[in-house]
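Numbering (the numbering used here), first residue to last: 1 to 162.
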Amino acid sequence: MENEHKQKVAMATEVGKLLPETKEKVYFYSEVIEAEKTLIEEYTKRQSSFFVSTIQKAKDRVEIIRLKNGLIQKERVYKNYLERKDKYEGWLDEMSIEVENNLEETISRAREIPYGVNPRLQDGINKFESLMDKNTLQDKVEFYLFIKQEILNNDKFNKRRK
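Right, dumping it as structure tokens:
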């Protein structure tokens, strides 16, 4: 159970750091890819125009090839970011189910730990509850994992004292 919890905490840390950037990258690459596809279409249309010189058509053809090559690379990067985004959001969805089912019970159990034993935990619970309307899903998951860790620590170290 402790190993599983450590893995969840590590994943929460990773998600917290990388999900916002990943979402930005997915949006950025989708926009760039779409714009470059439009540019390729316009260059291709211009290839059949009688008003464009053969030299310009050759330059346009080179530009089309360069853009297509760049698109291949960008689509790979986009796919990687999209997979990462889906992984992080999927993990958050799974954790949200656990949090929704167990948060109140876990907070109640954490409240049983006296303030003198763990003031940080009690202060954290009070702060979390005061911001309940503003907490995001990610905040709830991170808080849930925090109090679970504090409960595990309390159980582990209280056994040694007895």
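Even glycine gets a Cβ: it sits at the ideal position worked out from N, Cα and C.
- From the listed residues 148, 97, 21, 138, the smallest Cα separation to residue 110 is found for 148.
- For the options 154, 59, 138, 46, the alpha carbon positioned closest to that of residue 118 is the one of 154.
- Per the coordinates, the alpha-carbon of residue 31 lies some 43 Å from the alpha-carbon of residue 126.
- Contact between the stretch 82-96 and the stretch 11-26 is present: 3 or more CB-CB pairs across the two stretches fall below 8 Å.
- Of all alpha-carbon atoms in 78, 152, 53, the one lying nearest the alpha-carbon of residue 34 is that of 78.
- Collapsing the DSSP output to three states places residue 146 in a helix.
- Minimum Cα-Cα distance from residue 39 among the listed residues 58, 54, 65 corresponds to 65.
- If you look at residue 95, you'll find it in the alpha helix (DSSP H) that goes 54-111.
- The Cβ neighbour count for residue 95, taken over all protein chains shown within 10 Å, is at least 16; the residue is labelled buried.
- At the C-beta level, residue 25 and residue 81 come within 8 Å of one another.
- C-alpha of residue 10 to C-alpha of residue 63: approximately 45 Å in a straight line.
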